[in-house]
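Residue numbers (the numbering used here), protein chains in the order written: chain P, 180 to 454; chain X, 1226 to 1529; chain B, 665 to 944. Glycine is no exception: its CB is placed at the ideal position from the N, C-alpha and C atoms. A quick note: this is a predicted structure, and the numbers were derived from the prediction, not measured. A short write-up of the structure that comes next.
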Amino acid sequence: MIQLKDKLLRGLLWISAFLSVAVLVMIVGFIFYKGINLISFSFIFGDYSPTGGGGIWPMIVTTIYTILISLIIATPIGIFAAVYLQEYAKQGRLVRTIRFATESLTGIPSIIYGLFGAVFFVTTLKLGMSIIAASLTLTIIVLPVIIRTTEEALKTVPLSYREGSLALGTTKLQTLYKVILPSAMPGVLSGIILSIGRIVGESAAIFLTAGTVAAMPDSIFSSARTLTVHAYLVTQESGDIELAAAVGIVLIVIILVINLSATFISKKLNRATNK
Amino acid sequence: MSIPTNNKQVVVIDKANKRKYMLEKMSSRIFLICALLSVLTLVLIIGFVFYKGAHPFVAEGYSFIDFIFGKDWVPSEDKFGIFPMIVASIFATIGALIIGVPIGLFTSIFLAEIASKRVAKIISPAIQLLAGIPSVLYGVFGLAIIVPFLQNTFGLVKGQSLLAVILVLAIMMLPTIVTVAETAIRAVPQTYREGSLALGVSHIGTIFKVIVPAAKSGIMTAIVLGLGRAIGETMAVILVAGNSLIVPTSLTDSVRPLTTNIALEMGYAFGTHQDMLFATGIVLFSFILILNFVLAKISAKGGN
Amino acid sequence: MISFKKIKMGLLMLSILAVLSACTSNTNNDTKTSDGSNATVSISGSTSVGPLGEKLAAKYAEEDNTKIEINQIGSSAGITNAISGVSEIGMSSRDLKEEEKAAGLKEVVIAYDGIVVVAHPSNKVKDLTMEQIKQIFTGEVTNWNELGGADMEIVVVSREDGSGSRDAFQEIVGYSSGELIRNAIIASGNGNIKTTVANNKHAVGFISFEYIDESISTMDINGVKASPENVLLEKYRLSRPFLFVYKEGKLTDAGQRFIDFILSEDGQLIAAEAGAIPVK
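As structure tokens, this is what we get:
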């Protein structure tokens, strides 16, 4: 009896694992199969053309803009916030409130961020549908990620580093900049890389704040579309699955590179701390 | 620091110290402000969404009850009822959980306990990678493969349906659930396994009676994260839902979940219509808060 | 030893950032130089007018430095944007309502367009009366065999509330948004309707003439073929104007030049090529 049950459960485990892997392989396979024919130098680096056959360079540039702007704003704020929580704050109600706020921000669905961005950055701050409005919205989305990973990284810096530095007569600030932050750098970096992944994959929030203009952005105040929004729109508007899949390949490659560099950095981190 | 020998030196050192002290104080202030920014943005987000969303009910005399339980959503005729969308969101989420959680969980158990190290080393990172794939692509896959598949295999009149939404969401939450649950299961101390096996319990028995219960809180986290991804998903759902405004009575009805309603109409809504989309956002928001709360309760109870 | 690693890491990050920013600043310079004058005309609105607008803008870019920015978000939203000043010009594929005119909007008809009822190519029904169309979309007729077709359920595909095509279609056919059959699939653009109908043999929908191709079959109305000629002869009734609307006095020189170009012979030729019906 027990043996039969065991066999059944074991079978279920195998079937589930097979199903998961099969489905996921199918998705990636489907995207590459459908899109690979379109991939070419001129597709990636060519300008978009409304009559068809153009490239996706404007969307790549827009994606890079949003990544850069959101990170330029979110990184220092996130690092400073983590430094405060980890190095300065006394545990208490204030810290609990801040922790609660960052955790809540993580759980909010991106469409709500989009709504907020659309009314706050686009309308109230009069930024219009623009790259800057989308980037500011994305800043809020990735802020909790950077705070959390930086905090984790700061936790791993041994107390003896701090004590040693302070014992040499440096101030707290000097210790922070010269000793603690450099030691925590790999952790911070992997947080930044995770954020890039989040920004690249985001669609709903960008759709509502950056608009859908399919052209090379003039400046960060232009409306434009990122790669994900482009993939969505070509599917939705023209039903062009092949084009969407081709954009998908570019996105998957970007995510792959991001993942690999995150693994690379965390390996370096481990090696460094083990020494 | 040397001991000051005359007054002039004392003044100099004092000044330097003062500047250092000021710098310290200022920087700690800046750090505090940065930390408070996340609180501020949360307050701003909740404030703005609730302010806009509550406006029609507070200032324009719309009934909140009619909004929640109304079955008609015709913005051009001033009818705003989101009952069909609430039902659609609930059904879609529950359906995705029913399919996604067991498969995801079993896969994570397989990877952590049954698969050989070499196999797990290939599959686990691959699944992790899939967790990072933009959700839009899952929608593209759904529209190009799942929708026609449902249409042809089951002879449906339209493939854009609740079932299509459920399948896409279930697939989408798989990588999240597998990755998080696998980590939790691997974190169960080896001694648990050894103890159970030493007592003569079979390998499978050990997994389900000892290891999975021990990893419960991690597994709960995995489910909550997967759930969050499913309920908040928008763009992938638009592509496969059909967006009809009916209260779904079967898996084959096309539906419009809450998120979809916002994204579909936000582009051109203004005035009361736009406020009502924010109200839809409030409902979605409360939905997520309630679900998180319930799951926290469940896992707390299980912990005791 | 450790600090050396950290420095390397920092350098790595810096170089990544530098490369990225170099990429963007380069392209930025490119667009700046090709632009010369930095005038931008922001246009938003109808997804029916949008593709024509983009083609016109692409052609226009060959002779003028002005940048034309087109957001396809639906007629009502475009009109709202023109009133609020978010966009300089709004695109509409329906006539302005009284309250919109009262807000001080001026309109320019840039072309006319027909709306065509479409179905799956395999569908044998090729001709409908206006009354039948109304019955289909309000749910009175739910099976193709009632219209002389095969015995199969009708799946109605409509545009979203706020779409100019939908407003124009409903007004001419004669039913209101509240009467639309509830389980209709709602597609958020002409292209989306077309692909939905093309992939479903049960489906029926309506799209702008510009989107007609072999993937769908078009319906005659009362025996009159959906063609630009029949629209001009006023035999085919499902037609509406393509409008550019702007707030009086708010149109810039650059915007006026673009409108002049559209109304010129060249512009109208592009409109005709795109499947729309020229004004003259």
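Query raised in the report: What are the residues that DSSP puts in a beta bridge with Ala-867/B?
Result: By one-based count along the third sequence, residue 867/B stands at place 203. Looking at the DSSP assignment, Ala-867/B forms a beta bridge with Val-819/B.
Query raised in the report: Assuming Ala-403/P and Ile-310/P make a contact with CB atoms under 8 Å, what is their CB distance in whole Å?
Result: Locating residue 403/P in the first sequence gives position 224, counting from the first residue. Locating residue 310/P in the first sequence gives position 131, counting from the first residue. Correct: roughly 6 Å between the Cβ atoms.
**Report entry** Any chain P beta carbon closer than 7 Å to Pro-1300/X
**Finding:** Counting from 1 along the second sequence, the entry for residue 1300/X is found at position 75. Output row for Pro-1300/X: interface = no.
Report task. Determine, using beta carbons only, whether Phe-1282/X and Phe-1294/X come nearer to each other than 7 Å. Result -> To locate residue 1282/X, count along the second sequence from 1; it is residue 57. To locate residue 1294/X, count along the second sequence from 1; it is residue 69. Not closer than 7 Å, so no.
Requested in this report: At 7 Å on the CB atoms, spell out the chain P contacts of Gly-1384/X, in chain order.
Outcome: To locate residue 1384/X, count along the second sequence from 1; it is residue 159. Those within 7 Å of Gly-1384/X in chain P number zero; the least Cβ separation is about 14 Å.
Query raised in the report: Which chain X residues are close to Ser-609/B, counting only those with a beta carbon under 9 Å from its beta carbon?
Result: The displayed coordinates of chain B run from 665 to 944. Any statement about residue 609/B would go beyond what the structure contains.
Query raised in the report: Which bits of chain X does Lys-351/P rub up against, with CB to CB less than 9 Å?
Result: For the purposes of this step, residue 351/P is taken as the residue at position 172 of the first sequence. Within chain X, the residues near Lys-351/P are Glu-1249, Ser-1252, Ser-1253.
Query raised in the report: For Phe-1273/X, is the classification buried or exposed, using 16 other Cβ atoms within 10 angstroms of its Cβ as the cut-off for buried?
Result: Translated into positions along the second sequence, residue 1273/X becomes position 48. Result: buried.
Query raised in the report: The alpha helix (DSSP H) spanning Thr-245/P covers which residue range?
Result: Position 66 of the first sequence holds residue 245/P. Start and end: 236 to 262.
Report task. Determine the extent of the beta strand (DSSP E) in which Leu-769/B is found, giving its start and end residues. Result -> As a working note, residue 769/B is residue 105 in the third sequence. Taken as a continuous stretch (DSSP letters only), the beta strand (DSSP E) holding Leu-769/B covers 769 to 783.
Query - Span of the alpha helix (DSSP H), counted from its first residue to its last, around Gln-270/P - result: In the first sequence, the residue the question calls residue 270/P occupies position 91. No alpha helix (DSSP H) contains Gln-270/P, which DSSP labels as neither H nor E.
Query raised in the report: By how many angstroms is the C-alpha of Gln-736/B removed from the C-alpha of Ile-923/B?
Result: Your numbering for residue 923/B matches position 259 in the third sequence. Your numbering for residue 736/B matches position 72 in the third sequence. Distance between the alpha carbons of Ile-923/B and Gln-736/B: 18 Å.
**Report entry** Contact list for Pro-1473/X against chain P, beta-carbon separation under 9 Å
**Finding:** On the second sequence, residue 1473/X is found 248 positions in, with the first residue counted as 1. Simply none; closest approach about 20 Å.
Query raised in the report: Do the segment 282 to 292 of chain P and the segment 357 to 373 of chain P touch if we need at least three Cβ pairs shorter than 8 Å?
Result: no
Query raised in the report: Does Thr-405/P have its Cβ less than 7 Å from a Cβ in chain X?
Result: Counted from its first residue, the first sequence places residue 405/P at position 226. It does not: the Cβ of Thr-405/P has no partner Cβ on chain X nearer than 7 Å.
Query - At least 3 beta-carbon pairs within less than 8 Å: the segment 1459 to 1479 of chain X vs the segment 850 to 866 of chain B - result: yes
Query raised in the report: With a CB to CB cut of under 7 Å and the five nearest residues on each side skipped, what residues in its chain are close to Leu-1450/X?
Result: If you number the second sequence from 1, residue 1450/X lands on position 225. Thr-1401, Val-1405.
Query raised in the report: Tyr-263/P and Phe-1256/X look like a contact to me (Cβ under 8 Å); what is the Cβ gap, rounded to whole Å?
Result: Within the first sequence, residue 263/P is the residue found at index 84, counting from 1. Within the second sequence, residue 1256/X is the residue found at index 31, counting from 1. Right, their Cβ atoms sit about 4 Å apart.
Requested in this report: Using the DSSP secondary-structure output, state which residues sit across from Arg-904/B in a beta bridge.
Outcome: Here residue 904/B refers to the residue found at position 240 of the third sequence. Arg-904/B is bridged to Asp-777/B.
**Report entry** Candidates Phe-209/P, Lys-213/P, Ile-239/P, Tyr-340/P, of which the one nearest Ser-221/P by Cα
**Finding:** Here residue 221/P corresponds to residue number 42 of the first sequence, with the count starting at 1. Among Phe-209/P, Lys-213/P, Ile-239/P, Tyr-340/P, the Cα nearest to that of Ser-221/P is on Ile-239/P.
Query raised in the report: In chain P, which residues lie less than 8 Å from Tyr-1363/X when you measure between Cβ atoms?
Result: Indexing the second sequence from 1 puts residue 1363/X at position 138. Result: Ile-206.
Requested in this report: Check whether the segment 754 to 768 of chain B touches the segment 731 to 745 of chain B, taking contact to mean three or more Cβ pairs, one atom from each stretch, closer than 8 Å.
Outcome: yes
Query - Span separating the alpha-carbon of Ala-297/P from that of Glu-804/B - result: Within the first sequence, residue 297/P is the residue found at index 118, counting from 1. Within the third sequence, residue 804/B is the residue found at index 140, counting from 1. C-alpha separation (whole angstroms): 40 Å.
**Report entry** Within chain B, the residues that Val-392/P reaches when beta carbons sit closer than 7 Å
**Finding:** Stepping through the first sequence from its first residue, residue 392/P is reached at position 213. Near Val-392/P (Cβ distances below 7 Å), the residues of chain B are Glu-733, Ile-734, Asn-735.
Report task. Pick helix, strand or coil for Val-392/P, following the three-state DSSP scheme. Result -> Taking the first residue of the first sequence as 1, we reach residue 392/P at position 213. Val-392/P falls in the coil class under three-state DSSP.
Query raised in the report: Using 7 Å as the limit for Cβ to Cβ distance, is Gly-939/B near chain P?
Result: What you label residue 939/B is simply residue 275 of the third sequence in a count that begins at 1. Chain P, which has no Cβ nearer than 7 Å to the Cβ of Gly-939/B, makes this no.
Query raised in the report: Is Ser-199/P close to chain X, meaning its C-beta is less than 7 Å from at least one C-beta of that chain?
Result: Here residue 199/P corresponds to residue number 20 of the first sequence, with the count starting at 1. Closer than 7 Å: yes.
Report task. Identify whether Asn-692/B lies in helix, strand or coil by the three-state DSSP scheme. Result -> On the third sequence, residue 692/B is found 28 positions in, with the first residue counted as 1. Note that Asn-692/B has pLDDT 37, beneath the 50 cutoff, so the model's placement of it is unreliable and the number below is only indicative. Here Asn-692/B sits in helix by DSSP.
Requested in this report: For my contact list, Gly-1453/X and Gly-286/P are in at a C-beta cut-off of 8 Å; report their separation, rounded to the angstrom.
Outcome: Taking the second sequence and counting its residues from 1, one reaches residue 1453/X at position 228. Taking the first sequence and counting its residues from 1, one reaches residue 286/P at position 107. Sure, about 6 Å apart at Cβ, within 8 Å.
Report task. Please check if any C-beta of chain B sits within less than 7 Å of the C-beta of Glu-381/P. Result -> The residue given as residue 381/P occupies position 202 in the first sequence. False, the Cβ-Cβ gap to chain B never drops below 7 Å.
Query raised in the report: Can you tell me the Cα-Cα spacing of Thr-802/B and Val-750/B, whole angstroms?
Result: Stepping through the third sequence from its first residue, residue 802/B is reached at position 138. Stepping through the third sequence from its first residue, residue 750/B is reached at position 86. Computed Cα separation, rounded: 36 Å.
**Report entry** Simplified DSSP state of Phe-279/P, which is helix, strand or coil
**Finding:** The residue given as residue 279/P occupies position 100 in the first sequence. Reduced to three states, the DSSP call for Phe-279/P is helix.
Query raised in the report: How many angstroms separate the CA atom of Thr-1416/X from the CA atom of Ile-1410/X?
Result: Position 191 of the second sequence, counting from 1, holds the residue named residue 1416/X. Position 185 of the second sequence, counting from 1, holds the residue named residue 1410/X. Straight-line Cα distance between these residues: approximately 13 Å.
Query raised in the report: If we count the other Cβ atoms within 10 Å of its Cβ and call it buried at 16 or more, is Asp-877/B buried or exposed?
Result: By 1-based counting over the third sequence, the position of residue 877/B is 213. Asp-877/B is exposed by the Cβ-count criterion.
**Report entry** Within-7 Å CB hit, Gln-415/P to chain B
**Finding:** For this step, residue 415/P is matched to residue 236 along the first sequence. Closer than 7 Å: yes.
Query raised in the report: Among Phe-1510/X, Ala-1504/X, Gly-1496/X, Thr-1505/X, which one has its Cα closest to the Cα of Asn-745/B?
Result: The residue you call residue 745/B lines up with position 81 of the third sequence. Minimum Cα distance to Asn-745/B is reached at Gly-1496/X.
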